[in-house]
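Protein chains in written order, with our numbering: chain L, 1 to 114; chain Z, 1 to 113.
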Amino acid sequence: EAQVTQNPRYLITVTGKKLTVTCSQNMNHEYMSWYRQDPGLGLRQIYYSMNVEVTDKGDVPEGYKVSRKEKRNFPLILESPSPNQTSLYFCASSRRQGANYGYTFGSGTRLTVV
Amino acid sequence: GQQLNQSPQSMFIQEGEDVSMNCTSSSIFNTWLWYKQDPGEGPVLLIALYKAGELTSNGRLTAQFGITRKDSFLNISASIPSDVGIYFCAGTPGNFGNEKLTFGTGTRLTIIP
């Protein structure tokens with residue numbers, strides 16, 4: 001089944017403890033992206049990647065890191081999480097721009113930082 | 001970052017009614033996408049639009065890419081209970097290759113018994 005897989009689905013952590021949220025897609029998509037969703041603010045892009053080793057900042061990149069060493073994986077790293085990073089996170093992937101462009105989303109990771 | 005203005009924010013309708021929602025931008029977009037999100041799940045792509053003026057259907061859903069490239073519309077005909085959820089518009093501004101997919105703030109659809 002074509003899908004984007006995120007892990008974990010739920011995570012509670014303490015301030016300052018480094019964490020990684022994994023994301024993997026099995027559709028051979030070039031583009032991958034991370035979003036956070038907060039009440040009243042909708043979905044905001046954190047980072048995106050157009051291909052292996054090519055990443056760029058989205059609208060809210062502060063406090064996050066990403067890497068794209070393989071085409072299928074795009075982990076999100078929080079080096080020193082803070083409570084304002086409590087949110088619902090989504091990973092997504094897409095083919096390149098053109099007639100087949102359109103992001104497929106994972107099921108989400110609900111992160112709570114205390 | 002750029003925001004899309006999506007309206008209405010919420011809708012309360014009766015089963016069987018038609019639904020219309022829209023999204024506007026202050027700048028030109030080259031792609032418009034419409035998503036639906038169910039509680040606890042990620043958004044699911046409903047319709048993708050790639051050309052100004054394009055009208056595309058997916059079952060009871062119809063979406064249009066505005067001719068000015070600054071707006072898009074989604075219509076749902078004869079609503080049913082499973083249509084309940086949050087609908088998001090999204091788009092990529094400017095030229096192809098720009099991957100900053102921007103989302104609207106969503107329209108929450110509720111069906112009144």
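We treat Cβ as the ideally placed atom computed from N, Cα and C, and that holds for glycine.
Since the model is a prediction, treat every value here as computed from it, not as a measurement.
Considering Cα atoms alone, identify which of the options is closest to residue i.
i	options	result
Glu-15/Z	Val-84/Z, Ala-63/Z and Asn-22/Z	Val-84/Z
Val-114/L	Leu-11/L, Gln-6/L and Thr-5/L	Leu-11/L
Lys-51/Z	Gly-59/Z, Ser-82/Z, Thr-92/Z and Ser-77/Z	Thr-92/Z
Gly-58/L	Val-52/L, Arg-72/L, Gly-40/L and Ser-33/L	Ser-33/L
Tyr-64/L	Lys-18/L, His-29/L and Asn-73/L	Lys-18/L
Leu-46/Z	Asn-7/L, Phe-74/L and Tyr-101/L	Tyr-101/L
Ile-111/Z	Leu-101/Z, Ala-90/Z, Phe-103/Z and Ala-78/Z	Ala-78/Z
Phe-74/L	Val-60/L, Glu-62/L and Ser-94/L	Ser-94/L
Leu-101/Z	Arg-9/L, Val-60/L, Arg-72/L and Thr-13/L	Val-60/L
Ser-82/Z	Gln-6/Z, Leu-109/Z, Asn-5/Z and Thr-31/Z	Leu-109/Z
Nearest-angstrom Cα distance between residue i and residue j?
i	j	result
Leu-112/L	Gly-42/Z	According to the sequence as given, residue 112/L is Thr; it is not Leu. Each residue's Cα considered, the two are about 18 angstroms apart.
Pro-113/Z	Leu-61/Z	21 angstroms
Arg-36/L	Tyr-89/L	4 angstroms
Phe-88/Z	Leu-78/L	27 angstroms
Ile-80/Z	Ser-57/Z	17 angstroms
Met-27/L	Ala-92/L	11 angstroms
Asp-18/Z	Leu-33/Z	20 angstroms
Val-4/L	Arg-96/L	16 angstroms
Pro-8/Z	Met-21/Z	6 angstroms
Glu-54/Z	Ser-24/L	33 angstroms
Pro-83/L	Thr-15/L	7 angstroms
Ala-63/Z	Ser-80/L	42 angstroms
Ser-87/L	Cys-23/Z	25 angstroms
Gln-37/Z	Ile-28/Z	25 angstroms
Pro-39/L	Val-54/L	30 angstroms
Thr-105/Z	Val-52/L	30 angstroms
Val-21/L	Gly-66/Z	38 angstroms
Gly-59/Z	Leu-74/Z	12 angstroms
Thr-107/Z	Leu-41/L	12 angstroms
Asn-7/L	Tyr-35/Z	22 angstroms
Which stretch, first to last residue, makes up the beta strand (DSSP E) that contains residue i?
i	result
Met-27/L	Taken as a continuous stretch (DSSP letters only), Met-27/L belongs to no beta strand (DSSP E), as it is neither H nor E.
Tyr-47/L	42-51
Pro-93/Z	85-93
Tyr-35/Z	29-37
Asp-18/Z	That residue, Asp-18/Z, is in no beta strand (DSSP E); it is neither H nor E in DSSP.
Tyr-89/L	87-94
Ala-48/Z	44-49
Leu-55/Z	55-58
Tyr-10/L	10-13
Gln-6/L	4-7
Asp-71/Z	71-76
Lys-57/L	54-57
Ile-77/L	76-78
Val-113/L	109-113
Asn-73/L	That residue, Asn-73/L, is in no beta strand (DSSP E); it is neither H nor E in DSSP.
Arg-108/Z	107-112
Check whether chain B comes within 8 angstroms of residue i, counting only Cβ atoms and requiring the distance to be less than that.
i	result
Gln-85/L	Any reference to chain B falls outside this structure, whose protein chains are L and Z.
Stretch pair the segment 55-74 of chain L + the segment 6-14 of chain Z: three plus CB contacts closer than 8 angstroms: no
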